[in-house]
Amino acid sequence: MPKTRAQKSKIIEKGTGEIKEAKNLIFVDFGGTKTQDLRELRLSLKEAQSKFQVIKKRLLRIVLKEKGVDFDPKSFEAQVGTVFVNDDISDAAGRVYRFSKDKENFKILGGFDLNKGEKLEADFLKRIGQLPGREVLLGQVLGTMVAPLRAFMWILSQKGLPHGRQVEEVK
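So this is what it looks like as structure tokens:
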């Protein structure tokens, strides 16, 4: 059943409110995905301070225009769902990427960086989604920085041992 003008203006108002808080947008094709699965995605994205909404392409174009974004969602041929990313894009992109791996009908179409005003390609968002979390990356960097110090400390600890024992430990 077609929506009334009042319903459409309410959708536009809600979308405008969401886009004001968002830093990035991720566009996905959700055609053929079960409602229960989309509900799980919404809950997962909520933990990442992001929201998934389905807005008609025509209404989404109006919402984007009100924000000053020159992007036409009608360029996507599929059914478009929008992820409004309010925080770190890597967390939201990771959740969307993992969800798309599990569901064959769900695909990442692209995105838009609202701060820089530039379009994000689907491949770029998939690569961001494949990255490990921030804490894991920081741990890897810290481990790399500490490794030479650990090796130096091991050399110093071996200096005080008798020569025969050093050779046995190396074997």
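Taken in order, the sequence shown gives residues 172 to 342; the numbers are from our numbering. All C-beta atoms, glycine included, are put in the ideal place defined by N, C-alpha and C.
Handout entry: Beta-carbon gap between Ile299 and Ile326 smaller than 8 Å
Key = No Cβ-Cβ contact shorter than 8 Å links Ile299 with Ile326.
Exercise for the section: Kindly indicate which three-state DSSP category Gly300 falls into: helix, strand or coil? Expected result: In the structure shown, Gly300 sits in a helix (DSSP, three-state: H, G or I).
Exercise for the section: Please list, in chain order, all residues of the same chain as Gln301 whose beta carbon is under 8 Å from its beta carbon, the five residues on each side excluded. Expected result: Excluding positions up to five away in sequence, the list reads Gly265, Tyr268.
Practice task
Report the residue from Thr187, Lys194, Asn257, Asp262 whose alpha carbon sits nearest the alpha carbon of Ile226.
Solution key: With distances taken between Cα atoms, Ile226 lies closest to Thr187.
Practice task
Taking Ser261 as part of the alpha helix (DSSP H), name the residues at either end of that continuous run.
Solution key: Looking at the DSSP string, the run of the alpha helix (DSSP H) that includes Ser261 is 260-273.
Practice task
Tell whether a beta-carbon distance below 8 Å holds between Phe277 and Thr175.
Solution key: Between Phe277 and Thr175, the C-beta gap is not smaller than 8 Å, which leaves the two residues out of contact.
Handout entry: Residues bridged to Thr253 (per DSSP)
Key = According to DSSP, Thr253 bridges with Phe198, Gln224.
Problem - Gly281: first and last residue of the uninterrupted beta strand (DSSP E) it sits in - result: Segment 278-284, the beta strand (DSSP E) holding Gly281.
Handout entry: Pick from Gln224, Asp200, Leu216, Ala193 that is closest to Ile182, judged by C-alpha positions
Key = Nearest of Gln224, Asp200, Leu216, Ala193 to Ile182, Cα basis: Gln224.
Handout entry: Nearest-angstrom Cα separation, counted from Leu209 out to Ser328
Key = C-alpha separation (whole angstroms): 57 Å.
Practice task
Could you check the C-alpha separation between Leu291 and Ser215 for me, to the nearest Å?
Solution key: A straight-line Cα-Cα distance of about 22 Å links Leu291 and Ser215.
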